[in-house]
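S.K.: Just dropping this structure here.
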Amino acid sequence: MQDSEFAGERHLMSFWQLVTLLVFSTGIVALSIDMMLPALPAIGADLGLVNENNRQWVITAFLVGFGVAQLIYGPLSDSWGRKPVLLGALALYIIATVFCLIAWNFEMLLLGRLLQGMSIAAARVIGTAIARDLTSGRRMAQVVSMAMMVFMAVPVIAPSLGQAILFVAPWRWIFVFLLVTASGLAIWLSIRLPETLHEEYRRKLDFMDSIRAYRESLRHRAMVGYTLSGAFFFGGLYGLLNSSEQIMAEHFGLGSVWTLAFAGMAACMAITNFVNSRLVMRLGQRRLSQGALIGFTVISLAHVALIVFASENLLIFMTLLTLAMMLMGLIAANFNALAMEPVGHVAGTASAAYGFGTGVIGAIIGAIIGQLYNDSTLPLIAGQTFTGFAAFAIVYVTERGELFGDGTDD
0 MQDSEFAGER HLMSFWQLVT LLVFSTGIVA LSIDMMLPAL PAIGADLGLV
50 NENNRQWVIT AFLVGFGVAQ LIYGPLSDSW GRKPVLLGAL ALYIIATVFC
100 LIAWNFEMLL LGRLLQGMSI AAARVIGTAI ARDLTSGRRM AQVVSMAMMV
150 FMAVPVIAPS LGQAILFVAP WRWIFVFLLV TASGLAIWLS IRLPETLHEE
200 YRRKLDFMDS IRAYRESLRH RAMVGYTLSG AFFFGGLYGL LNSSEQIMAE
250 HFGLGSVWTL AFAGMAACMA ITNFVNSRLV MRLGQRRLSQ GALIGFTVIS
300 LAHVALIVFA SENLLIFMTL LTLAMMLMGL IAANFNALAM EPVGHVAGTA
350 SAAYGFGTGV IGAIIGAIIG QLYNDSTLPL IAGQTFTGFA AFAIVYVTER
400 GELFGDGTDD
């Protein structure tokens, strides 16, 4: 498919414009999560937290709101169109960010973070729906993978950017940065984003119609299976986000330079997303994602054995965890595309269902893993091993035991 195939009387969007849209939409989500990581100790100290693990809720509150609200944006975007819903949600995000900026206690900050997640969830739902409006099969996996490459690349700079702000200003200035970024994105989208929803796919907005649309999206085995598998997969990733600062900065004693170690790992994940965007057209989503999932689980299990029966230092931890995270870059975009493939006629609602399942269940699993932190890396690595096994078991059942297939990708 050439760039011109994305253009037409209805859409007027090139291949690279579509990728840019997804890049910016997913990028602000990643910034909202990863810029907060180095600020957690300062937030805990400023707002009087006694239990250090409790500061992880700043991340979890955002992720829960991000997952739950996607159920709303799916039906809205399938009825009202992609552009007005996305711009309205960005306006709500700006308001929520102001709320976080002026929060006077930890509970109010968590409420603001919840609202931030609920509003910016539209970027993920509608971005995926727009990709499905214009593409399908391996081409969609390629487009989403290129966007995911940036989503994974943002953690390369976001924690360091947050840390840089902390060197010169209080933690609340991180929210000033997010406020300016969201405002700029809203202006750009209002000018450049066309409406991509086909008129014949618009659905009447009512409760029963939404229920029918969700029921339709959940009738498909691949949609349900890859959503549940993705939920466990993302649970392991969210567990890392929750405890990364405590493990790297405190357990391994890296202090403020832990963001550089995190950036190196995130850069490797971004590279594999780029590799996936190249390989998926030739090998298919199933071969890449299923093989990577097996590799991720094996590496995590070996890491657990090393912690329990031998010894671990920073170099070993970073090497094995980075290898496992690199394989995640071959999983996320492909799972998304595999789940969405049979539900193009209800793409917005199906995207919302996928985001809800992976977001909420993943956030809960990630919170459990994070709260188990005990000044050891074992809870994180054991948690990721469990999520890898669970994700693989669900994929195996979904594919009826026939792994690495290629016949239904397109």
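FYI, numbering that gives the first Met the number 0 numbers position 368 of the sequence shown as 367, with every residue one higher than the one before it.
We put the beta carbon where it would ideally sit given N, CA and C, even for glycine.
As a quick exercise: from R81, L48, V67, pick the residue whose alpha carbon is nearest that of F105.
M.R.: In the sequence shown, counting from the first residue as 1, residue 105 sits at position 106. Considering only alpha carbons, the answer is L48.
S.K.: Considering just the uninterrupted stretch of the alpha helix (DSSP H) at H302, what are its terminal residues?
M.R.: Against the sequence shown, residue 302 aligns to sequence position 303. Residues 284-308.
S.K.: Check whether the stretch 335-347 touches the stretch 55-70, counting contact only when three or more Cβ pairs, one atom from each stretch, lie closer than 8 Å.
M.R.: Because the criterion of three Cβ pairs below 8 Å is not met, the stretch 335-347 and the stretch 55-70 do not touch.
S.K.: Just verifying my parser: in three-state terms, what is the DSSP assignment at W103?
M.R.: Within the sequence shown, residue 103 is the residue found at index 104, counting from 1. Residue state, collapsed to three classes: coil.
S.K.: Just curious, the alpha helix (DSSP H) that D208 is in, first and last residue?
M.R.: If you number the sequence shown from 1, residue 208 lands on position 209. Segment 206-216, the alpha helix (DSSP H) holding D208.
S.K.: Reducing DSSP to helix, strand and coil, say where A68 ends up.
M.R.: By one-based count along the sequence shown, residue 68 stands at place 69. Three-state result, A68: coil.
S.K.: Could you check the C-alpha separation between Q16 and L188 for me, to the nearest Å?
M.R.: Numbered from 1 along the sequence shown, position 17 holds the residue referred to as residue 16. Numbered from 1 along the sequence shown, position 189 holds the residue referred to as residue 188. Rounded to the nearest angstrom, the two C-alpha atoms are 11 Å apart.
S.K.: Taking just the CA atoms, how far does L86 sit from V97?
M.R.: Here the question's residue 97 lines up with position 98 in the sequence shown. Here the question's residue 86 lines up with position 87 in the sequence shown. For V97 and L86, the distance between alpha carbons rounds to 17 Å.
S.K.: On a Cα-Cα basis, can you pick out the residue from D33, V179, A336, S276 that is closest to Y225?
M.R.: Residue 225 sits at position 226 when you count from the first residue of the sequence shown. It is A336.
S.K.: Should the stretch 358-370 be called in touch with the stretch 228-243, which here means at least 3 C-beta pairs below 8 Å?
M.R.: They touch, by the three-pair rule.
S.K.: Can you tell me the Cβ-Cβ gap for Y72 and A120, rounded? I've got them flagged as a contact below 8 Å.
M.R.: As a working mapping, residue 72 is identified with position 73 in the sequence shown. As a working mapping, residue 120 is identified with position 121 in the sequence shown. 6 Å between Cβ atoms; contact.
S.K.: Return the chain-ordered list of same chain residues with a C-beta closer than 8 Å to the C-beta of L109, the five sequence neighbours on each side being excluded.
M.R.: As a working mapping, residue 109 is identified with position 110 in the sequence shown. The answer, listed in chain order, is W56, V57, A60.
S.K.: Using 10 angstroms around the beta-carbon of L379, count the other beta-carbons present and answer buried if the total reaches 16, otherwise exposed.
M.R.: Stepping through the sequence shown from its first residue, residue 379 is reached at position 380. L379 comes out buried.
S.K.: Indicate whether the contact test is met: 3 or more Cβ pairs, each with one atom in the stretch 29-38 and one in the stretch 172-182, closer than 8 Å.
M.R.: Yes: the two stretches touch, three or more of their Cβ pairs being nearer than 8 Å.
S.K.: Considering only the alpha carbon of each residue, which of R214, K82, F308, A389 lies closest to F295?
M.R.: One-based indexing of the sequence shown puts residue 295 at position 296. Measuring from the Cα of F295, the nearest candidate turns out to be A389.
S.K.: Measuring alpha carbon to alpha carbon, tell me which residue in R277, R286, Y395 is nearest R220.
M.R.: Numbered from its first residue, the sequence shown carries residue 220 at position 221. That would be Y395, whose Cα lies nearest to the Cα of R220.
S.K.: Count Cβ pairs between the stretch 320-336 and the stretch 304-311 that sit closer than 8 Å; are there 3 or more?
M.R.: Short answer: they don't touch.
S.K.: Assuming N443 contacts Y372 under a Cβ cut-off of 8 Å, what Cβ separation, rounded to an integer in Å, is found between them?
M.R.: Outside the displayed span of the chain (0 to 409) sits residue 443, for which this structure offers no information.
S.K.: Figure out for me which residue from E311, R286, A351 has the closest Cα to the Cα of E215.
M.R.: On the sequence shown, residue 215 is found 216 positions in, with the first residue counted as 1. With distances taken between Cα atoms, E215 lies closest to A351.
S.K.: Below 7 Å CB to CB, which residues in the same chain sit around V153 once its five sequence neighbours on both sides are set aside?
M.R.: What you label residue 153 is simply residue 154 of the sequence shown in a count that begins at 1. Only G26, A29, L30, D33 meet the Cβ criterion.
S.K.: Taking all protein chains shown into account, decide if S310 is buried (16 or more other Cβ within 10 angstroms of its Cβ) or exposed.
M.R.: By 1-based counting over the sequence shown, the position of residue 310 is 311. Counting Cβ neighbours within 10 Å, S310 comes out exposed, since fewer than 16 surround it.
S.K.: Compute the Euclidean distance between the alpha carbons of M317 and M264, then round it to the nearest angstrom.
M.R.: As a first step, residue 317 must be located in the sequence shown, where it is residue number 318. As a first step, residue 264 must be located in the sequence shown, where it is residue number 265. Approximately 8 Å, taken between the alpha carbons.
S.K.: Considering only their Cβ atoms, is the gap separating V155 from Q69 smaller than 8 Å?
M.R.: The residue labelled residue 69 in the question sits at position 70 within the sequence shown. The residue labelled residue 155 in the question sits at position 156 within the sequence shown. No. Outside cutoff.
S.K.: What is the rounded straight-line gap between the Cα of G254 and the Cα of A122?
M.R.: Position 255 of the sequence shown, counted from the start, is the residue given in the question as residue 254. Position 123 of the sequence shown, counted from the start, is the residue given in the question as residue 122. Their backbone Cα atoms lie some 33 Å apart in a straight line.
S.K.: What three-state label does DSSP hand T407 in the structure shown?
M.R.: Looking up residue 407 in the sequence shown gives position 408. Caution is warranted here: a pLDDT of 45 is assigned to T407, below 50, making its placement in the model unreliable, and no coordinate value can be reported.
S.K.: Give the straight-line distance between the Cα atoms of I210 and T397, rounded to the nearest whole angstrom.
M.R.: Your numbering for residue 210 matches position 211 in the sequence shown. Your numbering for residue 397 matches position 398 in the sequence shown. If I take the Cα positions, the gap works out to 23 Å.
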